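Novice: Quick one: structure below, then a few questions.
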Amino acid sequence: MEKIIIAAIDEENGIGRENKLPWHYPEDLKHFKQQTTGHTVLMGRKTYQSLPENYRPLPNRENIVLTRSNPKLHERVKKANSLAEAWKKASKDKIFIAGGETVYRQALPEAGKMILTRIPGLHDCDSFFPEWDAEKWRLESSKENSGLVFEEYTRKDLNTEKTKF
Ligand SMILES: NC(=O)c1ccc[n+]([C@@H]2O[C@H](COP(=O)([O-])OP(=O)(O)OC[C@H]3O[C@@H](n4cnc5c(N)ncnc54)[C@H](OP(=O)(O)O)[C@@H]3O)[C@@H](O)[C@H]2O)c1
Numbered sequence: 004m005e006k007i008i009i010a011a012i013d014e015e016n017g018i019g020r021e022n023k024l025p026w027h028y029p030e031d032l033k034h035f036k037q038q039t040t041g042h043t044v045l046m047g048r049k050t051y052q053s054l055p056e057n058y059r060p061l062p063n064r065e066n067i068v069l070t071r072s073n074p075k076l077h078e079r080v081k082k083a084n085s086l087a088e089a090w091k092k093a094s095k096d097k098i099f100i101a102g103g104e105t106v107y108r109q110a111l112p113e114a115g116k117m118i119l120t121r122i123p124g125l126h127d128c129d130s131f132f133p134e135w136d137a138e139k140w141r142l143e144s145s146k147e148n149s150g151l152v153f154e155e156y157t158r159k160d161l162n163t164e165k166t167k168f
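Our numbering applies: residue 4 is where the sequence shown begins, and numbers increase by one.
Here it is as structure tokens:
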């Protein structure tokens with residue numbers, strides 16, 4: 004199973020404010036949809052509950068929500084009480100780790116790929132993408148569209164993942 008981080012980050016690695024995205028970029032939402040459709044999406048409970056009601060669960064994707072508190076969620080949502088349980092419950096080949104901060108922090112060491120959208124400016128964020136070691140990641144592509152930059156990174160030591168099979 005491929006574990007892929009997907010995040011939009013501002014110039015100080017900000018990702019959210021008051022449990023919401025502090026910006027609205029339709030191009031980025033389209034990009035998120037294109038990347039994740041047909042696959043598994045893993046989110047923290049706060050991120051899931053921050054989605055607009057008519058967008059949750061995210062359609063045409065397997066939704067897994069990390070929680071230790073057993074909230075009432077939609078019947079199509081799978082709950083997991085640990086990352087290990089989330090990996091077990093995922094039935095697709097690709098699992099997209101879609102935030103928020105606590106989930107990125109825990110899952111980053113296990114991810115083999117990162118798909119980042121660079122959002123221009125600063126947005127007074129109160130949640131942040133974790134620092135990562137640039138030495139360990141290779142920038143595979145970088146594309147500009149509508150003022151945003153879409154980047155893809157792979158982990159240089161990804162082979163350790165492959166040798167498990
Ligand atoms: N810019 C982006 O790309 C992006 C993407 C996603 C989210 N965001 C932003 O990120 C912010 C939310 O981040 P956050 O860190 O506050 O919340 P979060 O990571 O979305 O959710 C945290 C919750 O997830 C559950 N959880 C986390 N780790 C767990 C584990 N190992 N096992 C079981 N449950 C676990 C817990 O739920 P319980 O309390 O239910 O136990 C915890 O309270 C929002 O502002 C959101 O808009 C930004």
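By construction, the Cβ of each residue, glycine as well, lies at the ideal position given by its N, Cα and C atoms. Values in this document were obtained by computation on a predicted structure and should not be read as measured data.
#1: Under a three-way DSSP split, which group does Lys167 fall into?
#2: When the Cα atoms are used, what is the spatial distance from Pro55 to Ile7?
#3: Pair every Cβ in the region 100-113 with every Cβ in the region 9-28, then say whether three or more of these pairs are closer than 8 Å.
#4: Among the residues of its own chain, which have a CB less than 8 Å from the CB of Asn84, if the five just before and after it don't count?
#5: Applying the 10 Å Cβ sphere with the 16-neighbour rule, what's the burial state of His34?
#6: DSSP state of Lys33, grouped into three classes?
#7: Kindly indicate which three-state DSSP category Val80 falls into: helix, strand or coil?
#8: Excluding the five sequence neighbours on either side, which residues of its own chain have a C-beta within less than 6 Å of the C-beta of His27, listed in chain order?
#9: Kindly provide the ranges of any beta strand (DSSP E) runs that are 3 or more residues long and lie completely inside the region 9-61, ordered along the chain.
#10: Hey, would you say the C-beta of Pro74 is under 8 Å away from at least one heavy atom of ligand 1?
Specialist: Reading it off the structure:
#1: Indexing the sequence shown from 1 puts residue 167 at position 164. Interpretation of Lys167 is limited by its pLDDT of 45, a score under 50 that renders its predicted location unreliable; the figure taken from the coordinates is listed afterwards. Coil, per DSSP.
#2: Within the sequence shown, the letter at position 52 stands for residue 55. Within the sequence shown, the letter at position 4 stands for residue 7. Approximately 23 Å between the Cα atoms of the pair.
#3: Contact check between the region 100-113 and the region 9-28: three or more CB pairs, one atom from each, fall below 8 Å, which counts as touching.
#4: On the sequence shown, residue 84 is found 81 positions in, with the first residue counted as 1. Answer for Asn84: Leu69, Thr70 and Arg71, listed in chain order.
#5: Here residue 34 is taken as the residue at index 31 of the sequence shown, counted from 1. It counts as buried.
#6: As a working mapping, residue 33 is identified with position 30 in the sequence shown. Helix.
#7: On the sequence shown, position 77 is the one that residue 80 refers to. Under the three-state reduction of DSSP, Val80 is assigned to coil, being neither helix nor strand.
#8: Residue mapping note: residue 27 aligns to position 24 of the sequence shown, counting from 1. Nothing meets the Cβ criterion.
#9: 17-19 and 43-47
#10: The residue labelled residue 74 in the question sits at position 71 within the sequence shown. The answer is yes for Pro74.
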